[in-house]
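Residues 3 to 141 (my numbering) are what the sequence shown spells out, left to right.
Cβ atoms here follow ideal geometry from the backbone N, Cα and C, with glycine treated the same way.
Since this is a predicted model, take the numbers as computed values, not measurements.
Written below as structure tokens is the structure these notes are about.
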Amino acid sequence: ASIWTARTTHRFNRKQIAFEKTAERLNILLIDREAAENRALKRAEIASNVYRVGKDTRLKVFNRGKAAAHNVRLEELDAAGLLMRSDIERKFPVERLDVHGSVELHIIRTLQSASKTSIQVTWDDDAGRDQTNVLIVVI
């Protein structure tokens with residue numbers, strides 16, 4: 003009976019230690035997930051979309067992140083010149099682009115114009131300064 007009790011206790015202790023290790027790993031995963039969610043709440047995410055309004059083609063630059071973007075700057079990287087310079091200079095830099103906020107730019111389309119261009123959007127948010135995103139705009 004004493005051997006059986008010692009063996010049962012030993013088996014129970016091994017299971018208890020394994021359970022504690024599993025619980026510790028789960029707690030670490032939960033802490034990491036919570037930290038990632040907190041970081042996401044501080045980040046803005048700037049994206050773009052091309053759409054048509056009648057015969058006019060426009061580029062919508064918008065914030066799909068979970069925080070406001072500040073000092074949003076836009077630069078066309080390619081020499082394609084699809085975006086109107088005066089439109090960019092008039093609308094950028096944007097002081098504050100709230101969540102789901104957007105800015106629309108006119109796209110110049112001719113028979114000789116390229117079908118795509120690259121733009122770089124730079125902004126500040128609660129996660130840091132000079133966050134950048136290079137976007138490929140395809141018409």
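Let me confirm a value: residue i is counted as buried when at least 16 other C-beta atoms fall within 10 Å, else exposed. Which label applies?
{"i": "V139", "result": "buried"}
{"i": "L32", "result": "exposed"}
{"i": "G56", "result": "exposed"}
{"i": "D127", "result": "buried"}
{"i": "L28", "result": "exposed"}
{"i": "V63", "result": "buried"}
{"i": "L85", "result": "buried"}
{"i": "G83", "result": "exposed"}
How close, in whole Å, do the beta carbons of residue i and residue j come, if the pair is a contact with beta carbons under 8 Å?
{"i": "Q1", "j": "E77", "result": "Any question about residue 1 goes unanswered here, given that the chain covers just 3 to 141."}
{"i": "A37", "j": "A71", "result": "No, A37 and A71 are not in contact; Cβ-Cβ is about 22 Å, not under 8 Å."}
{"i": "K93", "j": "V105", "result": "5 Å"}
{"i": "T119", "j": "D132", "result": "That belief does not hold up - the Cβ atoms of T119 and D132 are roughly 22 Å apart, past 8 Å."}
{"i": "R41", "j": "A129", "result": "6 Å"}
Tell me whether the beta-carbon of residue i lies closer than 8 Å to the beta-carbon of residue j.
{"i": "I109", "j": "L79", "result": "no"}
{"i": "L43", "j": "A69", "result": "yes"}
{"i": "N65", "j": "L113", "result": "no"}
{"i": "L137", "j": "A81", "result": "no"}
Which residues in the same chain have their Cβ closer than 7 Å to the Cβ of residue i, if we skip the five residues on either side of it in sequence?
{"i": "V96", "result": "V74 and V105"}
Could you check what DSSP says for residue i in three-state terms: helix, strand or coil?
{"i": "R87", "result": "helix"}
{"i": "R98", "result": "strand"}
{"i": "Q122", "result": "strand"}
{"i": "K93", "result": "helix"}
{"i": "A2", "result": "Residue 2 lies beyond the residue range present for the chain, which begins at 3 and ends at 141; the question has no answer from this structure."}
{"i": "I30", "result": "helix"}
{"i": "L79", "result": "coil"}
Can you name, in chain order, every residue of its own chain whose Cβ lies under 8 Å from the Cβ of residue i, other than the five neighbours on each side?
{"i": "R54", "result": "R60"}
Quick one: residues in its chain with C-beta nearer than 6 Å to the C-beta of residue i, no 5 flanking neighbours on either side, listed in chain order?
{"i": "R111", "result": "T59"}
{"i": "N135", "result": "I48 and V123"}
Any beta-carbon of chain D closer than 8 Å to the one on residue i?
{"i": "N65", "result": "No chain D is present in this structure, which holds just one protein chain."}
Given 7 Å as the limit, tell me if residue i has its C-beta closer than that to any heavy atom belonging to the ligand MN.
{"i": "K93", "result": "Ligands displayed in this structure: none; no statement on the ligand MN is therefore possible."}
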